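Every letter in the sequence shown is one number past the one before it in the working numbering, and letter 134, counting from 1, is 118.
For every residue, glycine included, the Cβ atom is placed at its ideal position computed from N, Cα and C.
Since the structure is predicted, the reported quantities are computational estimates derived from the model, not experimental observations.
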Amino acid sequence: MIDMMEINVSWAGKMAFEAVEGDKKVVMDAMPEKGGEGKGLSPKKLLLSSLAGCTSMDVIAILRKMRVTPDYFNVKVEATSNEEHPIYFTHIKLIYQFKGEKLSKEKLEKAVSLSQERYCGISYMLGKASDISYEVVLL
């Protein structure tokens, strides 16, 4: 079965846009130096946020199956772009940060690896255009 998705993106003035799906809304905007007001994330930063969100959901779901619960979990995303149009991410690095007692780094790395190599569709799609690397850090 094909999962059909539909999003509407409407202009909200200047360089702001609202992405709407049902009763949920996300605001995108450019920074003032690019004609916007900085009231939301730029589309590229939203894309990086989507990547981090997708893989984070995978990692937590996998860790739950392993009966592992971190006290803290964060994904920091660093990305570099080329300089000429079309400007796109050439490298994306995800830094998975965990805190908690008795956490097994081996299990954390396994959960992240499964997300990156098997489950995260956004990582799969972005990996077609960008080099993606990751690091697991136990704080």
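Between residue i and residue j, how many whole angstroms is the CB-CB distance? I'm expecting something under 8 Å.
i     : j      : result
Leu32 : Val52  : Contact flag wrong, Cβ pair sits at about 26 Å.
Val11 : Lys23  : 6 Å
Ile79 : Leu110 : Actually they do not touch by this definition, with Cβ atoms about 16 Å apart.
Leu92 : Val120 : 5 Å
Phe82 : Leu122 : 5 Å
Ile46 : Leu87  : About 14 Å separates the two Cβ atoms, so there is no contact after all.
Leaving aside the five residues before and after residue i along the sequence, list all residues of the same chain whose C-beta is less than 6 Å from its C-beta, in chain order.
i      : result
Glu132 : The displayed coordinates of the chain run from -15 to 123. Any statement about residue 132 would go beyond what the structure contains.
Cys129 : Nothing can be reported for residue 129, as the shown portion of the chain is limited to -15 through 123.
Ser34  : Ile106
Ala95  : Val43, Ile46, Leu47
Ala36  : Val59, Val61
With a threshold of 8 Å on Cβ separation, who are the neighbours of residue i within its own chain once the five nearest residues in sequence on each side are excluded?
i        : result
Glu85    : Asp55
Glu(-10) : Glu5
Ala113   : Tyr72, Phe73
Using three-state DSSP, classify residue i as helix, strand or coil.
i       : result
Ser97   : helix
Ala(-4) : coil
Leu123  : coil
Excluding five sequence neighbours on each side, which residues of the same chain lie with their C-beta closer than 7 Å to the C-beta of residue i?
i     : result
Ala14 : Met(-1), Gly20, Ser26
Ser65 : Ile71, Tyr72, Phe73, Thr74
Pro16 : Gly22
Contact between the segment 29 to 45 and the segment 100 to 116 (3+ Cβ pairs under 8 Å): Taking a contact to require three or more Cβ pairs closer than 8 Å, the segment 29 to 45 and the segment 100 to 116 qualify as touching.
Beta strand (DSSP E) runs wholly inside the segment 66 to 118, at least 3 long, in chain order: 73 to 83
Inside the segment -4 to 42 only - beta strand (DSSP E) runs reaching at least 3 residues: 1 to 5, 8 to 12
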